[in-house]
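Below is one structure, written out as structure tokens; the observations come after it.
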Ligand SMILES: [Zn+2]
Ligand SMILES: [Zn+2]
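Residue numbers (the numbering used here): 81 to 256.
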């Protein structure tokens with residue numbers, strides 16, 4: 081597999097320490113170098129006033145057209161509520177066998193559900209979602225193995241139930 085490195089571009093405010101910890105964790109998992117960058121976008125262009133959420137399809141396209149490069153996989157990291165028309169909300173999205181994905185941590189924090197903040201849990205969930213979207217970029221579809229990171233999830237509890245690793249079958253397909 082030709083995955084040389086991954087670029088993680090944050091849009092909006094993110095704690096620098098959080099970004100470093102996320103990238104270190106993903107690096108350990110995937111054995112690839114992560115470059116962290118800061119991106120700037122006027123997110124109001126992607127805001128849907130009727131849904132009061134941000135259009136994930138448009139954001140993904142924007143990252144693909146203006147931030148992605150041929151030699152790596154690029155993940156745009158957001159902290160706003162994102163949606164695609166058929167779902168109430170999504171955690172992330174990516175081009176299958178592409179080079180671009182997006183993830184939002186908006187619905188990954190305990191505070192969103194009225195529960196005490198847990199930095200480590202937020203970190204864990206964020207990493208799983210980023211690795212999941214990278215999996216799609218690498219050509220993986222959803223997997224039914226219970227602890228595989230490519231298992232699809234609707235709720236944050238689904239993310240907590242799965243692991244942060246690819247199951248042997250998925251791992252074999254992308255030959256990491
Ligand atoms: Zn998925
Ligand atoms: Zn799997």
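We put the beta carbon where it would ideally sit given N, CA and C, even for glycine.
Contact between residue 243 and residue 216 is absent: CB atoms are separated by about 17 Å, not below the 8 Å threshold. Bounds of any alpha helix (DSSP H) do not take in residue 191, whose DSSP letter is neither H nor E. In the three-state reduction of the DSSP assignment, residue 166 falls in the coil class. In the structure shown, residue 215 adopts helical secondary structure according to DSSP, grouped into three states. DSSP lists 157, 172 as the beta-bridge partner residues of residue 183. The alpha-carbon of residue 139 is positioned some 31 Å away from that of residue 252. In the structure shown, residue 126 adopts helical secondary structure according to DSSP, grouped into three states. Exclusion of residue 217 from the 6 Å shell around ligand 2 follows from its C-beta lying no nearer than that to any non-hydrogen atom of the ligand.
Around residue 198, the same chain offers 190 as residues with beta carbons nearer than 6 Å, after the five sequence neighbours per side are excluded. Annotation: residue 128 to residue 188 spans about 21 Å, alpha carbon to alpha carbon.
A residue is called buried when at least 16 other Cβ atoms come within 10 angstroms of its Cβ; residue 176 does not meet this threshold and is exposed. Contact between the stretch 158 to 168 and the stretch 86 to 101 is established, with three or more Cβ pairs separated by less than 8 Å. By the Cβ rule, the stretch 141 to 149 does not count as touching the stretch 164 to 171, because fewer than three pairs are nearer than 8 Å.
Comparing alpha carbon positions, the residue from 179, 204, 223, 196 closest to residue 109 is 204.
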